[in-house]
Amino acid sequence: MTAHARSPQGRRGLAALVCGALAAGGLAAAGVSALEPGSARASSHREAPLISGQPQYDNTDVYAFVSPDKPDTTTLVANWTPFEEPAGGPNFYPFPDDAQYDIHIDSDGDAQGDLIYRWTFDSKVRNGNTFLYNTGQVTSLDDPDLNFTQTYDIDLLKLKDQKVVSTKKVANNLPVAPSRVGDASMPDYKKLRDQAVRKVAGGGTSYVGQADDPFFLDLQVFDSLYGGDLSQVGDDTLKGYSVNSVALQVPTADIRQSEKQPVVGVWSTTQRKNAKGDYTQVSRLGSPLVDELVVPLRDKDKFNASSPWNDADFLQYVQKPELARLLEKVYGIKAPAEPRKDLVSVFLTGVKDLNQPPNVRPAEALRLNTSIKPSADPKRLGVLDGDNAGFPNGRRLADDVVDIELQAVAGELVGNKNDLGDAVDANDMAFGKTFPYLALPTSPTHAPAAKGGGDNTSMRGALGGGAKVRAPSVSDGSGGSD
Numbered sequence: 001m002t003a004h005a006r007s008p009q010g011r012r013g014l015a016a017l018v019c020g021a022l023a024a025g026g027l028a029a030a031g032v033s034a035l036e037p038g039s040a041r042a043s044s045h046r047e048a049p050l051i052s053g054q055p056q057y058d059n060t061d062v063y064a065f066v067s068p069d070k071p072d073t074t075t076l077v078a079n080w081t082p083f084e085e086p087a088g089g090p091n092f093y094p095f096p097d098d099a100q101y102d103i104h105i106d107s108d109g110d111a112q113g114d115l116i117y118r119w120t121f122d123s124k125v126r127n128g129n130t131f132l133y134n135t136g137q138v139t140s141l142d143d144p145d146l147n148f149t150q151t152y153d154i155d156l157l158k159l160k161d162q163k164v165v166s167t168k169k170v171a172n173n174l175p176v177a178p179s180r181v182g183d184a185s186m187p188d189y190k191k192l193r194d195q196a197v198r199k200v201a202g203g204g205t206s207y208v209g210q211a212d213d214p215f216f217l218d219l220q221v222f223d224s225l226y227g228g229d230l231s232q233v234g235d236d237t238l239k240g241y242s243v244n245s246v247a248l249q250v251p252t253a254d255i256r257q258s259e260k261q262p263v264v265g266v267w268s269t270t271q272r273k274n275a276k277g278d279y280t281q282v283s284r285l286g287s288p289l290v291d292e293l294v295v296p297l298r299d300k301d302k303f304n305a306s307s308p309w310n311d312a313d314f315l316q317y318v319q320k321p322e323l324a325r326l327l328e329k330v331y332g333i334k335a336p337a338e339p340r341k342d343l344v345s346v347f348l349t350g351v352k353d354l355n356q357p358p359n360v361r362p363a364e365a366l367r368l369n370t371s372i373k374p375s376a377d378p379k380r381l382g383v384l385d386g387d388n389a390g391f392p393n394g395r396r397l398a399d400d401v402v403d404i405e406l407q408a409v410a411g412e413l414v415g416n417k418n419d420l421g422d423a424v425d426a427n428d429m430a431f432g433k434t435f436p437y438l439a440l441p442t443s444p445t446h447a448p449a450a451k452g453g454g455d456n457t458s459m460r461g462a463l464g465g466g467a468k469v470r471a472p473s474v475s476d477g478s479g480g481s482d
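Residues in the sequence shown are numbered from 1 upward in steps of one, following this note's numbering.
What follows is the structure, given as structure tokens:
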């Protein structure tokens, strides 16, 4: 863990808001004292025992931010399938057909979804007589050489008291951008990605497909909790890995309650169809790293199956975080006094005068104040550095949530000034300036080569130097692609 500089005025910003709320009894007013435990219903990269073996259903991250180039819209992004290797063939990384991928919107702070955007998928194989993902060079999404294709629908569900009262089709039979097979197979992957950006009903824009994993961190930061060498951090563990993304840009007026109440809560879930044909929730994610670093092992699967309405079941873990005690034990960083009302504010209620809705019921979700316009000079530490358009007010792709949360857990908001971090301050690939903003997935052609081989053991060596391979025809069902 390393130290980072930031502006003094930024350091005071979120701390002043949180301390002011604590002094005024804001958390009690927000309903923490009245929150009663309830029963749970049956971020996260492989964060819980059950979901770690089901990567296609594992929600890795959720983002919600006012669109920087279209500030009258809000962009929602959710990612699945962590640690997608670039050379993941021949099957690569499809979305499963037996799942529902949901992004939930709570527009009034009552810990119940008012809207659900739901993605479902349909897969097709053109030629079942070959193992190939593509049978030749792919230059468009409708190219006959793209052997495996997927389409998706988006349904908008409106709810009242957690029951669906209406359903509207937002998108129907739109193409999913394929996994990036390699440069020989897909010489212009950006073109394919651009073709997958589509307008949808209601004035929105959608993208579904593979993308570079926008989350950045050095996973050795977890080893550091055992007393590891802090000087060894600073390498982005997720560099080169991809995820499956759904991104949706919608008019902000469609998801907020009103101009006077512009704060929305956002989280995602995955439901998987069981043998009886019923859907069961298997993954849930709102704020980053909560299930990984706050919820203990015994309750991780329970959290993934739960509803925000029942988050009293996990309140103790926010009020008495194990991570703060570990930082004190291993590195002598004194843990703040418990219960941690400052963390309840950040993770469960929103921060008063920033992103806390009136009469809020504490629940784990990203809370975005949609009335705060995008920053002309975004800061990676978001609100901690005086940039109120960043985390924990929603989450942008470039927000350094690992550093922000480490510093918050160590007590930054209650006077324990610190600059903890993992020394990874940005993603390895630049984000785009227009929707869907995500970086392209890494091509296997440009991925780091494995060590130990040589021309005498390689396809290149067998063929001789710069020999080129002829792509097979669709009809012969043989040969290979990237």
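Beta carbons: idealized from backbone N, C-alpha and C, even for Gly.
Meets three-Cβ-pair contact criterion under 8 angstroms: the stretch 301-315 and the stretch 382-393 | no
Residues that DSSP places opposite P175 in a beta bridge | T151
Provide the residue span of the beta strand (DSSP E) that contains L285, from first to last.
-> Y279 to L285
What is the residue span of the beta strand (DSSP E) that T56 lies within?
-> Reading off the sequence shown, one finds Gln at residue 56, where the question assumed Thr. No beta strand (DSSP E) holds Q56; DSSP gives it neither H nor E.
State the beta-bridge partners of S375 as determined by DSSP.
-> Its beta-bridge partners do not exist; DSSP assigns none.
Can you give me the Cβ contacts of I255 inside the same chain, cut-off strictly under 7 angstroms, excluding the 5 residues immediately before and after it?
-> T74, I105, S107, L115 and V264
Every unbroken alpha helix (DSSP H) within the stretch 387-415, with a cutoff of 4 residues, ordered by chain | 401-409
Where in the stretch 255-313 do unbroken runs of the alpha helix (DSSP H), each at least 4 residues long, occur, reported from the N-terminal end onward?
-> 290-293 and 297-304
What residue range is occupied by the uninterrupted beta strand (DSSP E) comprising L115?
-> L115 to V125
Beta-carbon spacing of Q162, Q100 below 8 angstroms | no
Using a Cβ-Cβ cut-off of 6 angstroms (strictly less than) and excluding sequence neighbours within five positions of Q54, which residues of its own chain qualify?
-> none
What are the boundary residues of the alpha helix (DSSP H) that F556 is part of?
-> There is simply no residue 556 to check, as the chain begins at 1 and stops at 482 in what is shown.
Name the residue from V409, P441 and F131 whose alpha carbon lies nearest to the alpha carbon of K334.
-> V409
D353 to D399, Cα distance in whole Å?
-> 21 angstroms
Inter-residue CB distance, D97 and D122 (contact presumed, cutoff 8 angstroms) | 6 angstroms
Close beta carbons around F148, own chain, < 6 angstroms, minus the five adjacent residues each side | V125 and Y133
At which residues does the alpha helix (DSSP H) containing E84 begin and terminate?
-> No alpha helix (DSSP H) holds E84; the beta strand (DSSP E) holding it covers T73 to E84.
Endpoints, beta strand (DSSP E) assigned at L146 | First-last for L146: undefined, no H or E at that position.
How would you call A78, buried or exposed, if buried means at least 16 neighbouring beta carbons within 10 angstroms?
-> buried
Residues near R284 in its chain [Cβ-Cβ closer than 6 angstroms; skip 5 each side] | T269 and N304
So, helix, strand or coil for V318, using DSSP?
-> helix
By the 10 Å Cβ neighbour count, where 16 or more other Cβ atoms means buried, how is N355 classified, buried or exposed?
-> buried
Cβ neighbours of N369 in the same chain (closer than 7 angstroms, five flanking residues each side left out) = P262, V263, L354, N355 and N393
V282: which of P296, K300 and V197 sits nearest, CA to CA?
-> K300
Just the C-alpha distance for L323 and S307, rounded to the nearest angstrom, thanks.
-> 24 angstroms
What is the DSSP secondary structure of V346, reduced to helix, strand or coil?
-> helix
Does the separation of the CB atoms of F92 and S185 fall below 8 angstroms?
-> no
What does a CB cutoff of less than 6 angstroms around R198 pick up in its chain, not counting 5 residues either side in sequence?
-> L174 and S206
With respect to the beta strand (DSSP E) encompassing K199, which residues constitute its N-terminal and C-terminal limits?
-> R198 to V200
Can you tell which of G203, S375, F216 and L348 has its C-alpha closest to the C-alpha of A365?
-> L348
Simplified DSSP state of G421, which is helix, strand or coil | coil
Which of helix, strand or coil DSSP assigns to P358 = coil
CB-CB under 6 angstroms to N172, same chain, minus the five flanking residues each way: which ones, in chain order?
-> D153
If you drop the 5 nearest sequence neighbours on each side, which residues of the same chain put their C-beta closer than 6 angstroms to that of V164?
-> L157
In whole angstroms, what separates the C-alpha of P187 from that of V138?
-> 8 angstroms
Take L384 as the anchor and find which of L315, G415 and A363 has the nearest alpha-carbon.
-> G415
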